[in-house]
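Visitor: So that we are looking at the same thing, I have put the structure below in structure tokens.
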Amino acid sequence: MGFFGNLGEIFKILKHVFRMIFKRPVTSLYPFEDRYYPERTRGRHIHVRHACTACAQCVRACPVVAIHIDKEDKMYEKDCALTFDYSRCIFCGLCVQACRFDALFHTPVVDMSEGDREDLIYGPDKITTLDREPLKWRGRRFR
Ligand code: SF4
Ligand code: SF4
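Quick note: the sequence shown uses the numbering used here, first residue 3, plus one each step.
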């Protein structure tokens, strides 16, 4: 088949190329533009201290031993401090499912790369929220 025999295919390709030229880009200028993540994305956690009962069910549910609990560190009557090691966490969501007191949630924040493994250990200063309406708060970007 010569050149003229392939004309149909060539026109099909050109049509596709022109359509793509005038389409909006599908990429975004990350990290300068925030990406949209669905609400149920399993990203980094928030720990709602006033709802926590220090039951440690989240710690027991974690298959990779990524959560450390400190029952001595109290802000309220029954709560505890949690530390997450994100160099181990596989974002399976089992800890959030295990919490029967609505004290642990995922956020859609997944961009947490660090230059040092130690910096992936997020203590109570990064995980805790004192917000009493965590579900409203959930999903907002935080650092
Ligand atoms: S999301 Fe899974 S791996 Fe990560 S801390 Fe929770 S239970 Fe452990
Ligand atoms: S976050 Fe939930 S599961 Fe974990 S210790 Fe607190 S109440 Fe228990």
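Every residue, glycine too, gets a C-beta built ideally from N, C-alpha and C.
Pick from Gly45, Lys25 and His18: whose alpha carbon is nearest that of Tyr88?
Guide: On the sequence shown, position 86 is the one that residue 88 refers to. Of the candidates Gly45, Lys25 and His18, the one whose C-alpha sits nearest the C-alpha of Tyr88 is Gly45.
Visitor: Would you say the beta carbon of Thr85 comes nearer than 7 Å to a heavy atom of ligand 3?
Guide: Ligand 3 is not part of the structure shown, which contains ligand 1 and ligand 2 as its ligands.
Visitor: With a threshold of 7 Å, establish whether the CB of Phe103 neighbours any heavy atom of ligand 2.
Guide: Looking up residue 103 in the sequence shown gives position 101. The beta carbon of Phe103 sits closer than 7 Å to at least one heavy atom of ligand 2.
Visitor: For Pro65, verify whether its CB is less than 7 Å away from any heavy atom of ligand 1.
Guide: As a position in the sequence shown, residue 65 is number 63, starting the count at 1. Pro65 Cβ: within cutoff of ligand 1.
Visitor: Buried or exposed for Phe107, going by 16 or more other Cβ atoms inside 10 Å?
Guide: Within the sequence shown, numbered from 1, the residue matching residue 107 stands at position 105. The residue in question, Phe107, is buried, as its Cβ has 16 or more Cβ neighbours within 10 Å.
Visitor: Classify Asp104 as buried or exposed, calling it buried when 16 or more other Cβ atoms lie within 10 Å of its own Cβ.
Guide: Position 102 of the sequence shown, counted from the start, is the residue given in the question as residue 104. Asp104 is exposed by the Cβ-count criterion.
Visitor: Report the option in Gln99, Lys25 and Gln59 whose CA atom is closest to the CA atom of Leu84.
Guide: By 1-based counting over the sequence shown, the position of residue 84 is 82. It is Gln59 whose Cα lies nearest to the Cα of Leu84.
Visitor: Output the distance between the C-alpha atoms of Ala63 and Phe20, rounded to the nearest integer angstrom.
Guide: Counted from its first residue, the sequence shown places residue 63 at position 61. Counted from its first residue, the sequence shown places residue 20 at position 18. Roughly 53 Å between the two C-alpha positions.
Visitor: For ligand 1, I want to know if Gly45 counts as a neighbour, meaning its beta carbon is within less than 7 Å of at least one of the ligand's heavy atoms.
Guide: Sequence index remark: in the sequence shown, residue 45 carries index 43 (1-based). No, the Cβ of Gly45 stays beyond 7 Å of every heavy atom of ligand 1.
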